[in-house]
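Visitor: Questions regarding the structure given below will be posed in turn.
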């Protein structure tokens, strides 16, 4: 498998070259997600919990790995090299391993990155040398927190299904908040969270940005206590 460093942004702190944001549009109080295509039953998007763990237990904060995508459906994306989002609690790990598989779980790509105990909402963008997603095909990806390089059975693993597909609606004139809502309603969860991440970078304390986060989290069935 190809080995390369992939992009990791901790707490969404990478600055953007330019982004014009208007939050004048009203935001729906709740997003009604589509049913979506069911994910294959052979795997799930839940994190593994071996007996030994390098994840630290913190009161009122999730101790498990969380993928920002519905666990029972295939998340869609307009991009052939999308950005993924996972929540990683405080830990004593030193590395992550990203893997990409086809629908039959055959390995397509794998790479590692040093994280040095970093935690929070993690943005993982496909590396430029990773295979581009083919439209209409299902893929499975995983992120493993390597707790013990000498004993990989202690890995904490999270993953999800993804499919590259075109969006029929024209979004060129929509405001960012409107794009987030449209993406979510159509099942393009990876794009919805990517759009939200850009807004959060620019206006992290704006009430509509915070409300958009709550709407997205509730729509995919995650606790609203999960904070960016």
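Residue numbers (my numbering): 36 to 263. Built from N, CA and C at the ideal position, the CB exists for glycine as well. No experiment lies behind these values; they were computed from the predicted model shown.
Rounded to whole angstroms, what's the CA-CA distance from residue 253 to residue 259? Just pull it up for me.
Guide: On the chain shown, residue 253 is found 218 positions in, with the first residue counted as 1. On the chain shown, residue 259 is found 224 positions in, with the first residue counted as 1. Rounded to whole angstroms, residue 253 to residue 259 spans 7 Å at the Cα level.
Visitor: According to DSSP, is residue 116 helix, strand or coil?
Guide: By 1-based counting over the chain shown, the position of residue 116 is 81. Three-state result, residue 116: coil.
Visitor: Measuring CB to CB, does residue 133 end up less than 7 Å from residue 178?
Guide: Counted from its first residue, the chain shown places residue 133 at position 98. Counted from its first residue, the chain shown places residue 178 at position 143. Cβ distance < 7 Å, so residue 133 and residue 178 count as in contact.
Visitor: Using the three-state DSSP reduction, which class does residue 205 fall into: helix, strand or coil?
Guide: As a working note, residue 205 is residue 170 in the chain shown. In this structure, DSSP gives residue 205 a state outside helix and strand, which the three-state scheme calls coil.
Visitor: Checking the sheet assignment: what are the DSSP bridge partners for residue 173?
Guide: For the purposes of this step, residue 173 is identified with residue 138 of the chain shown, where counting begins at 1. According to DSSP, which records beta bridges pairwise, residue 173 is partnered with 198.
Visitor: Just to confirm, is the Cβ distance from residue 154 to residue 123 under 7 Å?
Guide: Counting from 1 along the chain shown, the entry for residue 154 is found at position 119. Counting from 1 along the chain shown, the entry for residue 123 is found at position 88. It is a contact, given that the beta carbons lie within the stated cut-off.
Visitor: With DSSP collapsed to three states, give me the class of residue 163.
Guide: Working through the chain shown from its first residue, we reach residue 163 at position 128. In the structure shown, residue 163 adopts coil according to DSSP, grouped into three states.
Visitor: Could you have a look at residue 109 and say whether DSSP puts it in helix, strand or coil?
Guide: The residue given as residue 109 occupies position 74 in the chain shown. Of the three classes helix, strand and coil, the one that applies to residue 109 here is coil, per DSSP.
Visitor: Whole-angstrom Cβ separation of residue 224 and residue 105, contact assumed at under 8 Å?
Guide: As a first step, residue 224 is located in the chain shown; it is residue number 189 there, counting from the start. As a first step, residue 105 is located in the chain shown; it is residue number 70 there, counting from the start. Confirmed, Cβ separation roughly 7 Å.
Visitor: Hey, how far is the Cα of residue 249 from the Cα of residue 143?
Guide: Here residue 249 refers to the residue found at position 214 of the chain shown. Here residue 143 refers to the residue found at position 108 of the chain shown. Their Cα atoms are separated by approximately 34 Å.
Visitor: Among the residues of its own chain, which have a CB less than 7 Å from the CB of residue 202, if the five just before and after it don't count?
Guide: Along the chain shown, one-based indexing puts residue 202 at 167. Excluding positions up to five away in sequence, the list reads 113, 221, 223.
Visitor: Under a three-way DSSP split, which group does residue 158 fall into?
Guide: On the chain shown, position 123 is the one that residue 158 refers to. In this structure, residue 158 counts as strand in the three-state DSSP scheme.
Visitor: With a 10 Å radius around its C-beta and 16 neighbouring C-beta atoms as the bar for buried, classify residue 229 as buried or exposed.
Guide: Residue mapping note: residue 229 aligns to position 194 of the chain shown, counting from 1. Classification of residue 229: buried, given that the 10 Å Cβ count is 16 or more.
Visitor: By alpha-carbon positions, which one of 100, 156, 148 ends up nearest to residue 232?
Guide: Taking the first residue of the chain shown as position 1, residue 232 is located at position 197. Per the Cα distances, 156.
Visitor: Classify residue 260 as helix, strand or coil using the three-state DSSP reduction.
Guide: The residue you call residue 260 lines up with position 225 of the chain shown. Looking at residue 260 - three-state DSSP - the assignment turns out to be coil, as it is neither helix nor strand.
Visitor: Please return the same chain residues whose Cβ sits closer than 6 Å to the Cβ of residue 186, not counting the five positions on each side in sequence.
Guide: Working through the chain shown from its first residue, we reach residue 186 at position 151. The answer is none, since no qualifying residue turns up.
Visitor: Taking just the CA atoms, how far does residue 152 sit from residue 138?
Guide: As a first step, residue 138 must be located in the chain shown, where it is residue number 103. As a first step, residue 152 must be located in the chain shown, where it is residue number 117. Roughly 32 Å separates the two Cα atoms.
Visitor: At the level of alpha carbons, what is the spacing between residue 238 and residue 244?
Guide: Indexing the chain shown from 1 puts residue 238 at position 203. Indexing the chain shown from 1 puts residue 244 at position 209. For residue 238 and residue 244, the distance between alpha carbons rounds to 7 Å.
Visitor: Based on the DSSP secondary-structure assignment, which residues constitute the bridge partners of residue 142?
Guide: The residue given as residue 142 occupies position 107 in the chain shown. Partner(s): 136.
Visitor: Taking all protein chains shown into account, decide if residue 188 is buried (16 or more other Cβ within 10 angstroms of its Cβ) or exposed.
Guide: The residue labelled residue 188 in the question sits at position 153 within the chain shown. With fewer than 16 Cβ atoms within 10 Å of its Cβ, residue 188 is classed as exposed.
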